[in-house]
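Novice: Using numbering that gives the first Met the number 0, read the sequence shown as starting at 0 and increasing by one per residue.
For every residue, glycine included, the Cβ atom is placed at its ideal position computed from N, Cα and C.
Values in this document were obtained by computation on a predicted structure and should not be read as measured data.
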Amino acid sequence: MSLSSQPYKGTRDYYPEQKRIQNYIFATWRRVSERYGYEEYGAPTLEPLEVYAAKSGDELANEQTYTFTDRGGRIVAIRPEMTPTISRMVAAKRQELAYPARLYSVANFMRYERPQRGREREFWQLNVDVFGLDEVTADAEIISMADALMKEFGAKDKDFVIRINNRQLVNFIMVQYLGLDETQAHLMVKLFDRKDKIAEAEFNDQATEILGSNAKEGLAKLQSLMNAKKVSDLPTEIKTSLAAVELNEVFELLDLADVKSVKFDLTLMRGLDYYTGTVFEVFDTDSDNNRSVLGGGRYDGLVGMFGAEPISAVGMAQGGTTIENFLDVHNLLPNLASTTDIYIVVLGGAQKAANKLAKHLRSEGVNVELDTTDRKLDRQIKTAVKKNIPYILFIGDDEVRDEIYTLKDTASTEEQKIGFSRIVSLIRDRRRTASDNDIPDLD
0 MSLSSQPYKG TRDYYPEQKR IQNYIFATWR RVSERYGYEE YGAPTLEPLE
50 VYAAKSGDEL ANEQTYTFTD RGGRIVAIRP EMTPTISRMV AAKRQELAYP
100 ARLYSVANFM RYERPQRGRE REFWQLNVDV FGLDEVTADA EIISMADALM
150 KEFGAKDKDF VIRINNRQLV NFIMVQYLGL DETQAHLMVK LFDRKDKIAE
200 AEFNDQATEI LGSNAKEGLA KLQSLMNAKK VSDLPTEIKT SLAAVELNEV
250 FELLDLADVK SVKFDLTLMR GLDYYTGTVF EVFDTDSDNN RSVLGGGRYD
300 GLVGMFGAEP ISAVGMAQGG TTIENFLDVH NLLPNLASTT DIYIVVLGGA
350 QKAANKLAKH LRSEGVNVEL DTTDRKLDRQ IKTAVKKNIP YILFIGDDEV
400 RDEIYTLKDT ASTEEQKIGF SRIVSLIRDR RRTASDNDIP DLD
């Protein structure tokens, strides 16, 4: 039987060239997170299913989560997201952590969804969360980080928009302003969430059905809501509510932080049930990739579900493939060379000396691949170029005698005669000035 060479549906293989891009994304995530004072944590890949069933929503827990019964008879799940897990971790150390607790992770997840552009069954994701800040300064900080993250990848203000809403504001509108019961409110929230995906006539037809006998008055109110471009545009009884006041304060704080690409969007819901306040998503403005590339919000109720005293929390997440697609569409993907600095091409019978040279270079922190195949010169060079290794170093009898080597830049094809110390110095200089920050300094 011949086995398929293809990966499991909805997953990706990362060959070195793709892995360089992924590592570049991971490094950028870590750099921005740590710049804001967040520290990295790790967590198990498996959790009890009830961790997700309790608050993440029926669709995620029952339809999208990979579950199985372990040998001890426990129903466990491969994590589909991180928020319940970090909430559990904070609950476990509730009295020991220093607050506000600023935490981040870079981890992989699995969801049984229909694979499509930007959505895979196995995906890597940045998760950033701050615990213990009740004030909306936490909401503004996380959104400011989202803006900084996009800018760190090279994005301009025109390349994305940050849509912001508040779930408490939505609840106030549904109950106090529209006068809906629990069932109607739930259906209307789902309809709001789909507004940009359906025609206006279809939206109005479904809204009419939900509103029932109050459809005429309700539709007029809905129209006034949809016309609001800012919180201050909302009807007076809404914009004076506590949720609206808090949301307006978030916008004011973002303005002070010089975050420009923000927009009030009353239809933004965020699908997960645990959000309790501010919600936001970063959308690509390019028509070829007009989708969300980052999202998050406030979720003050999750930690308390694990038997600990409740604590406030705000977080966000960004997927590796979604930001990679964004970078591709906006021509922001870097051209990353191999993590190997030098490929040593051996001429004649200089293999013993080449081994010694490679060892000395490695002891100085230079990443070296040594050709040990005894192939012809052109074959060795072709290998180095195909691997996208920045430099080729040639060593033969003359180089062994003089300890001066020919170093070739594979990108420019320029060559120079150079000694050992200068080789190390050149690699140090290259790493300090390299545009991608994945290449560590040798110091």
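One question on the structure: do V129 and R87 come within less than 8 angstroms of each other, judged by their Cβ atoms?
Specialist: Contact: no.
Novice: Alpha carbon to alpha carbon, what distance is there between D12 and Q5?
Specialist: If you take the alpha carbons of Q5 and D12, they lie about 9 angstroms apart.
Novice: Does DSSP put A76 in a helix, a strand or coil?
Specialist: Strand, per DSSP.
Novice: Cutting at 6 angstroms between CB atoms, please list the residues of its own chain near D192, excluding the five before and the five after it.
Specialist: Excluding sequence neighbours, D192 sits near M268.
Novice: Which ranges would you report for the beta strand (DSSP E) in the stretch 290-361 if only whole runs of at least 3 residues count?
Specialist: Qualifying beta strand (DSSP E) stretches, in chain order: 291-297, 312-318 and 341-345.
Novice: On the DSSP bridge assignment, give the partners of F282 in chain order.
Specialist: BP columns for F282 point to V160 and S291.
Novice: Pick out the complete alpha helix (DSSP H) segments inside the stretch 373-409, 4 residues or longer, and give them in chain order.
Specialist: Within the stretch 373-409, the complete alpha helix (DSSP H) runs of at least 4 residues are 376-385 and 396-401.
Novice: For L132 and S286, I'd like the C-alpha separation in whole angstroms.
Specialist: Their Cα atoms are separated by approximately 37 angstroms.
Novice: With a threshold of 16 other CB atoms inside 10 Å of the CB of P389, please say whether the residue is buried or exposed.
Specialist: Buried: at least 16 other Cβ atoms inside 10 Å.
Novice: Which residue wins for smallest C-alpha separation from D408, given the options G348, I380, L360 and N330?
Specialist: Ranking the options by Cα distance to D408, first place goes to I380.
Novice: Would you list the one or two residues that DSSP bridges to T100?
Specialist: With the sequence shown as reference, residue 100 is identified as Ala, and Thr is not the correct amino acid for it. In DSSP, A100 forms a bridge with F130.
Novice: Touch check for the stretch 19-31 and the stretch 326-342: three-plus C-beta pairs under 8 angstroms?
Specialist: Output reads yes: the stretch 326-342 touches the stretch 19-31.
Novice: Going by Cα to Cα distance, which pick from K194, G217, D264 and Q175 is closest to S240?
Specialist: Taking only the C-alpha atoms, the option nearest S240 is Q175.
Novice: For F393, count neighbouring C-beta atoms within 10 Å of its own C-beta (all shown protein chains included) and say buried if the count is 16 or more, exposed if not.
Specialist: Answer is buried; the Cβ neighbour count reaches 16.
Novice: Are the stretch 174-190 and the stretch 249-264 touching by the rule of at least three beta carbon pairs closer than 8 angstroms?
Specialist: Too few Cβ pairs lie closer than 8 angstroms, so no.
Novice: Whole angstroms is fine: what's the gap from N436's alpha carbon to P234's?
Specialist: Residue confidence for N436 is low, a pLDDT of 49 falling below 50, so the modelled location carries little weight and cannot support an answer.
Novice: Within 10 Å of its beta-carbon, does R19 have 16 or more other beta-carbons around it, so buried, or fewer, so exposed?
Specialist: Counting Cβ neighbours within 10 Å, R19 comes out buried, since at least 16 surround it.
Novice: What are the partner residues of L369, as DSSP defines its beta bridges?
Specialist: DSSP lists I343 as partners of L369.
Novice: What does I417 pair with, by DSSP beta-bridge criteria?
Specialist: Bridge partners of I417: Y404.
Novice: So for D138, helix, strand or coil by DSSP?
Specialist: Residue state, collapsed to three classes: helix.
Novice: Would V75 pass as a contact of E46 if the rule is Cβ separation under 8 angstroms?
Specialist: A contact, by the Cβ cut-off of 8 angstroms.
Novice: Provide the residue span of the beta strand (DSSP E) that contains L474, from first to last.
Specialist: Any answer about residue 474 is impossible in this case: the structure gives the chain only from 0 up to 442.
Novice: Looking only at C-alpha atoms, which of L265, T27, Y7 and G314 sits nearest to E112?
Specialist: Among L265, T27, Y7 and G314, the Cα nearest to that of E112 belongs to Y7.
Novice: Among F202, M0 and T320, which one has its Cα closest to the Cα of F122?
Specialist: If we check each option's Cα against that of F122, T320 comes out closest.
Novice: In the DSSP assignment, what residue or residues form a beta bridge with F250?
Specialist: Answer by DSSP bridge pairing: none, since F250 is not bridged.
Novice: Does the beta-carbon distance from D138 to G276 come in below 8 angstroms?
Specialist: Going by C-beta atoms, D138 is nearer than 8 angstroms to G276.
Novice: For K220, report the span of its beta strand (DSSP E) as first-last.
Specialist: Careful: K220 lies outside any beta strand (DSSP E), inside the alpha helix (DSSP H) at A214 to M225.
Novice: Kindly indicate which three-state DSSP category A26 falls into: helix, strand or coil?
Specialist: Helix, per DSSP.
Novice: Please state whether the Cβ-Cβ distance between R30 and E151 is less than 8 angstroms.
Specialist: Result yes, Cβ atoms of R30 and E151 sit closer than 8 angstroms.
Novice: Is the CB-CB distance between D299 and A312 below 8 angstroms?
Specialist: Contact flag set, yes.
Novice: Could you spell out where the beta strand (DSSP E) holding T66 opens and where it closes?
Specialist: T66 -> beta strand (DSSP E) spans T66 to T68.
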